[in-house]
Amino acid sequence: MADLEYFKLSKPQKMLRGIGSFFARIPQGIVNGLKKLAQLVVSLFKGLGANIADLFTTFKNGDWKTRLSYLVMGFGSCARGQWGRGILFFLFQTVFNVYMFMPNAEFSGCYYLGKLSTLGTVETYKQGRKTVYGDNSFFILLYGVLTIFFIIAFIYTWRVNIKQNKINEQLLKSGHKLKTAKDDLDSLRDEQFHKTMLALPTLGVTVFTILPIFFMILVAFTNFDATHQPPGKLFTWVGWDNFNQLLAMDSASYGDTFRHVLLWTLIWAFFATFLNYFLGMLVAIMINKKGIKLKKMWRTILVMTIAIPQFVSLLYVSKMFAADGLVNTYLMKWGWISSPLPFWTDPVWARVTIIVINVWIGIPYLMLIATGILMNIPADLYESARIDGANAFQMYRKITLPYMLFVTGPYLLTSFTGNINNFNVIFLLSGGKPLSLDLAGGAGHTDLLITWLYKMTVNDTNYKLAAVIGILVFVVTAVINLIVYNMIPSVKNEEDFQ
Amino acid sequence: MKKFLAIVLTVVMVLSLASFASAEGFSGDIKIWVADKAVDFTVNQVETFKAAHPEYAGMTVTVEAVGEGDAANKVITDVESAADIYGFAQDQLGRLVQAAAIEVVEEENAKKVEAENDPGSVSAVKVGGVMYAYPMTSDNGYFLYYDKSVVTDPTDLDKILADCAAAGKNFYFEVNSGWYQVAFFFAQGCELTYETDNEGAYTKLNTDYASDKGVAALKSMIKMAKSPAYQNGSSLSTATNVGAIVDGVWDAGAAKELFGENYAATKLPVADGVQLSGFGGFKMLGIKPQTDDAKLAACDALAAYLTSEEVQLARFMDPNLQWGPSNLNAQQNEAVKADVALSALGAQLAYTIPQGQYPGGYWTTATGLGDDILAHKLDDADDAALLEVLKTFVANCEAAMNQ
């Protein structure tokens, strides 16, 4: 369709076209994504091939120092006078060998790696009255993963060690001097300073974030639950069984419950994000308006809810709306109602109550953010609009809202993700209740995926299904984020407000 | 050389003697978990135990506060760092056995426990036919606390509700708990028990909830929940405007304080012509699996002592605890018999059924049914629809066996 024809369309038609073209782009996007993935795989293999070829040529062309370095890491560096690097390489190799082939087989890398495929076979048994523990599947899985990480690190270091030899040989041939240990240390303070700074964070992220994530993903493929609890019992690999149990369309129990909880999670995240956003903005605009007195007081009153810890305020509010709580008691005393309103006992009431209470908590944050941004909008924009005869609503729609959306687009996205995982509000207000016979796995009508996951791990020690839910939460948030990220104005029209 | 040999021989002899001695007694560390308010009491009792048993005088016992509700969870999550002896409520026993986080009671002690404690508590510490724990109290049941000035006739549920409504007071019964809910079902003669093998795996569900009797019980609960005086709950600390409450002995102190002169306690009322029943519950001590025989023997001796007649009685006499004993002789004590709350529990005991082993899925299913009642989802359902609900209930209970 040519540009001219597009301009002839009416507004709703334009919008429809926009949405239509978004969905029309999806297949192309998927194809492009797959193409990129294929390219990545190809380049990965090419890189691997080049590396292996390089290993052979280095060995063939290298001198004896280089060749010996293939076996004893750091030998070449030491022999050429780079003692610092050489000793570090050698130390790393020694530590790795000791870990992998420790004499006490119970704790060696090879032991864990060997058992990783079964997660242990030796059962715990009794000798007379005392207990003799067998394999501990938990540690086998944990240290098995750790060992794999360690092996990858070792291979990488080994490769670097050989590359160093090659480079040093060439440097010496061309008559250059090699860096001494002192030079290396100096460069770590100077041109390689970024490596010094990032060493600790990288290590921390690997050990405390990547490793546990990897571990939890693997748990989703085991039968680690209440009846397979180490050290007393073993657990083992079960493939995709847990995913089937949670996603199966025919299964009356978990499949239905999962979809029910997922739907509510999305509804909740939508309302919690956008209702707070627009109401918060509205409050900010009202307080900002010329002629409003005691601006500071209104803001302070609203901000008070932030000052009180949620543990206190939410538990208190939850009790307030209970069947025997303040609200119901007074309404009944005044004769407005004859029986308590089912704030927490009726599924629909409970959901609405939670969303409304969340507005009370969420507005102050949005009001603070919006106040700052509103003050930043150039006043001359409004002035010229007023001269052109625009009314308040038109000015809001054409000036304030686009400006707000542009600046807070990324914030909206993160807060949507945050609300999908908004554990505090749900857990403290309703605890996921009310439950129902229609829902399985201890899930309630107001449970989010994240609170359901919590119940599964803490109450039922059902780690396998909790791990699956964890993975699915990631998939859901990732998909939504990718789609929305490409739609928000801050990304699409980066230049608009500069 | 001879001298050296002599020294070596002496050392070997001394060592073998030492090891022989340690087989008799034990001198390592033992950790105990009990409820917060029982810590001081337990520390004192452990001292008495050590004084009476010189072979254990050398061991170091630490007592930490872990609630009876949390203990099992903590033990299952991390057996290695858990306490060697821990107190817990009986609904957790099945999980502990399934996770192999509890040791079987030593044979001699098991015989003694069986002979000296009330039959309910003895059946509660067994899974399959094997005894896994030492019964400590026999007071984990519920009955009715009420305000004498509000409730005129505590024997009939309808009258209690009417009295409370007339006085603008609340009647509390926790209908969305699998523990309280059975009061109505068992009252109608319904049954819901699970059979397990000796490793704690559930093998069979025995129930007739999905029957006319079950429907009658469900209707009684729905009717109760419709009353304006009815509130869901069983804890005096969060209840407001209480006229009467179905609660246990742990709230006796709070009830006395709340009702003052009008404090009264009695067995559960009659609802729609049948006497309400319920679970008889128990607290117990468990020992985690040990890798050292000497330590296990020490734990056995200590746990047996902490659940013996004299300690159970002392536990009741302790003003902070006042836990009702499961030991038959201790139950015959005059002071125990004179306690208002305990005698109400005693009166109710005749109608209760000792709580056996239930999988986690049972409790959530029961909460689901209770929440459906509270949401008034079943208010207008006819008998056939209620029967369908109970069929779902039973199906969920059945499914809970394999989770």
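Going down the list, the sequences are from chains A and B.
Under this note's numbering, residues 1 to 498 are what the first sequence spells out, in order.
Under this note's numbering, residues 1001 to 1403 are what the second sequence spells out, in order.
Virtual Cβ for every residue (Gly too), placed ideally from N, Cα, C.
As the structure is a prediction and not an experimental result, all values here were calculated from the model.
Between the alpha carbons of B:Asp-1372 and A:Ala-350, how many angstroms are there, rounded?
Numbered from 1 along the second sequence, position 372 holds the residue referred to as residue 1372 of chain B. Numbered from 1 along the first sequence, position 350 holds the residue referred to as residue 350 of chain A. Taking the straight line from one Cα to the other gives about 13 Å.
Quick one: is A:Phe-193 buried, meaning 16 or more other Cβ sit within 10 Å of its Cβ, or exposed?
On the first sequence, residue 193 of chain A is found 193 positions in, with the first residue counted as 1. A:Phe-193 comes out exposed.
Do B:Phe-1171 and B:Ile-1245 count as a contact pair if the criterion is CB distance below 9 Å?
Taking the second sequence and counting its residues from 1, the one referred to as residue 1245 of chain B is at position 245. Taking the second sequence and counting its residues from 1, the one referred to as residue 1171 of chain B is at position 171. Yes, the Cβ-Cβ distance between B:Ile-1245 and B:Phe-1171 is below 9 Å.
Near B:Ala-1082, what residues of its chain come up, given a Cβ to Cβ distance below 7 Å and the 5 sequence neighbours on each side ignored?
Numbered from 1 along the second sequence, position 82 holds the residue referred to as residue 1082 of chain B. Closer than 7 Å at Cβ, skipping near neighbours: Lys-1074, Val-1075, Lys-1288.
In chain order, what residues of the segment 108-132 of chain A put their CB closer than 8 Å to some CB of chain B?
Thr-124, Gly-128, Arg-129, Lys-130, Thr-131, Val-132
Is the Cβ-Cβ distance between A:Pro-410 and A:Ile-292 less than 9 Å?
Translated into positions along the first sequence, residue 410 of chain A becomes position 410. Translated into positions along the first sequence, residue 292 of chain A becomes position 292. No, Cβ-Cβ distance for A:Pro-410 and A:Ile-292 is not below 9 Å.
Run through chain B and tell me which residues come within less than 7 Å of A:Asp-184, C-beta to C-beta.
To locate residue 184 of chain A, count along the first sequence from 1; it is residue 184. Here the premise fails: no neighbours, minimum Cβ distance about 43 Å.
Rounded to a whole number of angstroms, what is the C-alpha to C-alpha distance between B:Ala-1021 and B:Asp-1293?
One-based indexing of the second sequence puts residue 1021 of chain B at position 21. One-based indexing of the second sequence puts residue 1293 of chain B at position 293. With a pLDDT of 42 at B:Ala-1021, under the threshold of 50, the predicted position of this residue should be treated as unreliable, though the coordinate-derived value follows. Distance between the alpha carbons of B:Ala-1021 and B:Asp-1293: 13 Å.
So B:Gly-1178 and B:Thr-1367 are supposed to be a Cβ contact under 8 Å. How far apart are they, rounded?
Your numbering for residue 1178 of chain B matches position 178 in the second sequence. Your numbering for residue 1367 of chain B matches position 367 in the second sequence. About 7 Å separates the two Cβ atoms, so the contact holds.
How far does the alpha helix (DSSP H) with A:Thr-99 in it extend, from its first residue to its last?
Here residue 99 of chain A refers to the residue found at position 99 when the first sequence is read from its first residue. It is Tyr, not Thr, that sits at residue 99 of chain A in the sequence shown. A:Tyr-99 -> alpha helix (DSSP H) spans 83-100.
Of all the options A:Val-303, A:Gly-431, A:Leu-412, A:Phe-235, which has the alpha carbon lying nearest to the alpha carbon of A:Lys-319?
Along the first sequence, one-based indexing puts residue 319 of chain A at 319. Among A:Val-303, A:Gly-431, A:Leu-412, A:Phe-235, the Cα nearest to that of A:Lys-319 is on A:Gly-431.
According to the neighbour-count rule (16 or more other Cβ atoms, all chains shown, within 10 Å of its Cβ), is B:Cys-1299 buried or exposed?
Translated into positions along the second sequence, residue 1299 of chain B becomes position 299. When all chains shown are included, B:Cys-1299 counts as buried.
Measuring only between beta-carbons, confirm whether B:Leu-1218 sits less than 9 Å from chain A.
Taking the first residue of the second sequence as 1, we reach residue 1218 of chain B at position 218. No - not a single Cβ of chain A is within 9 Å of the one on B:Leu-1218.
Tell me the start and end of each unbroken alpha helix (DSSP H) in the segment 1186-1219 of chain B that is at least 4 residues and wholly inside, in chain order.
none
Mind checking which residues open and close the alpha helix (DSSP H) that includes B:Glu-1064?
In the second sequence, counting from the first residue as 1, residue 1064 of chain B sits at position 64. Premise fails: B:Glu-1064 lies in the beta strand (DSSP E), 1060-1065, not in any alpha helix (DSSP H).
When you compare only the Cα positions, how much space is there between A:Met-73 and A:Ile-369?
The count along the first sequence starts at 1 and reaches residue 73 of chain A at position 73. The count along the first sequence starts at 1 and reaches residue 369 of chain A at position 369. Each residue's Cα considered, the two are about 56 Å apart.
Just checking B:Pro-1359 against the ligand FAD - is the residue's beta carbon closer than 8 Å to any of the ligand's heavy atoms?
The ligand FAD is not part of this structure, which contains no ligands at all.
What residues in its chain sit with their C-beta under 8 Å from that of A:Pro-347, if we drop five residues either side in the sequence?
Taking the first sequence and counting its residues from 1, the one referred to as residue 347 of chain A is at position 347. Cβ within range, chain order: Pro-434, Ser-436, His-445, Thr-446.
Could you tell me the distance, in whole angstroms, from the CA atom of B:Val-1274 to the CA atom of B:Ile-1085?
In the second sequence, counting from the first residue as 1, residue 1274 of chain B sits at position 274. In the second sequence, counting from the first residue as 1, residue 1085 of chain B sits at position 85. Each residue's alpha carbon lies about 41 Å from the other.
Taking C-beta pairs closer than 8 Å, name the residues in chain A that B:Gly-1368 reaches, listed in chain order.
As a working mapping, residue 1368 of chain B is identified with position 368 in the second sequence. Residues of chain A passing the Cβ test: Leu-435, Ser-436, Leu-437, Asp-438, Leu-439.
Are the beta-carbon atoms of B:Ser-1343 and B:Asn-1117 separated by less than 9 Å?
Within the second sequence, residue 1343 of chain B is the residue found at index 343, counting from 1. Within the second sequence, residue 1117 of chain B is the residue found at index 117, counting from 1. No. Outside cutoff.
Environment of A:His-176 [buried if 16+ CB atoms lie within 10 Å]
The sequence position of residue 176 of chain A within the first sequence is 176, counting from 1. Answer is exposed; the Cβ neighbour count stays below 16.
B:Ala-1099 versus B:Glu-1309, B:Asp-1382, B:Glu-1080, residue with shortest Cα-Cα distance
Within the second sequence, residue 1099 of chain B is the residue found at index 99, counting from 1. Of the listed residues, the one whose Cα sits closest to B:Ala-1099 is B:Glu-1080.
At a Cβ threshold of 9 Å, is B:Glu-1103 touching chain D?
Among the protein chains of the structure shown, namely A and B, there is no chain D.
From which residue to which residue does the beta strand (DSSP E) around B:Leu-1276 run?
Stepping through the second sequence from its first residue, residue 1276 of chain B is reached at position 276. That residue, B:Leu-1276, is in no beta strand (DSSP E); it is neither H nor E in DSSP.
Start and end residues, alpha helix (DSSP H) containing A:Trp-64:
Start at 1 with the first residue of the first sequence, and residue 64 of chain A comes out as number 64. 64-69 is the extent of the alpha helix (DSSP H) around A:Trp-64.
Where the segment 221-238 of chain A meets chain B: residues whose CB sits under 9 Å from a CB there:
Asp-225, Ala-226, Thr-227, His-228, Gln-229, Pro-230, Pro-231, Gly-232, Lys-233
Closest Cα partner of B:Phe-1058 within the set B:Val-1394, B:Ala-1072, B:Val-1046
Along the second sequence, one-based indexing puts residue 1058 of chain B at 58. The residue asked about is misnamed: residue 1058 of chain B is Gly in this sequence, not Phe. Nearest option by C-alpha distance: B:Val-1046.
Output the boundary residues of the beta strand (DSSP E) element that contains B:Ala-1089.
Counted from its first residue, the second sequence places residue 1089 of chain B at position 89. Per DSSP, B:Ala-1089 belongs to the beta strand (DSSP E) from 1085-1089.
Cβ of B:Lys-1377 less than 9 Å from any chain A Cβ?
Taking the first residue of the second sequence as position 1, residue 1377 of chain B is located at position 377. Closer than 9 Å: yes.
Have a look at B:Leu-1017 and A:Leu-234 and give me their C-alpha separation to the nearest angstrom.
What you label residue 1017 of chain B is simply residue 17 of the second sequence in a count that begins at 1. What you label residue 234 of chain A is simply residue 234 of the first sequence in a count that begins at 1. Low per-residue confidence applies at B:Leu-1017: pLDDT is 44, beneath 50, and the placement is therefore not dependable, though the value from the model is reported in the following sentence. So the two alpha carbons sit approximately 39 Å from each other.
Give a yes or no on whether 9 Å exceeds the smallest Cβ distance from A:Pro-347 to chain B.
Here residue 347 of chain A is taken as the residue at index 347 of the first sequence, counted from 1. Output row for A:Pro-347: interface = yes.
With DSSP collapsed to three states, give me the class of B:Ile-1287.
Translated into positions along the second sequence, residue 1287 of chain B becomes position 287. If DSSP states are grouped into helix, strand and coil, B:Ile-1287 belongs with the strands.
Boundaries (first-last residue) of the beta strand (DSSP E) holding B:Leu-1144
Position 144 of the second sequence, counted from the start, is the residue given in the question as residue 1144 of chain B. Start and end: 1143-1147.
Output yes if chain B places a C-beta closer than 9 Å to the C-beta of A:Val-98; else output no.
Locating residue 98 of chain A in the first sequence gives position 98, where the first residue counts as 1. Not one chain B Cβ lies under 9 Å of A:Val-98.
Could you tell me the distance, in whole angstroms, from the CA atom of A:Thr-305 to the CA atom of A:Ile-217?
Sequence index remark: in the first sequence, residue 305 of chain A carries index 305 (1-based). Sequence index remark: in the first sequence, residue 217 of chain A carries index 217 (1-based). Roughly 38 Å separates the two Cα atoms.
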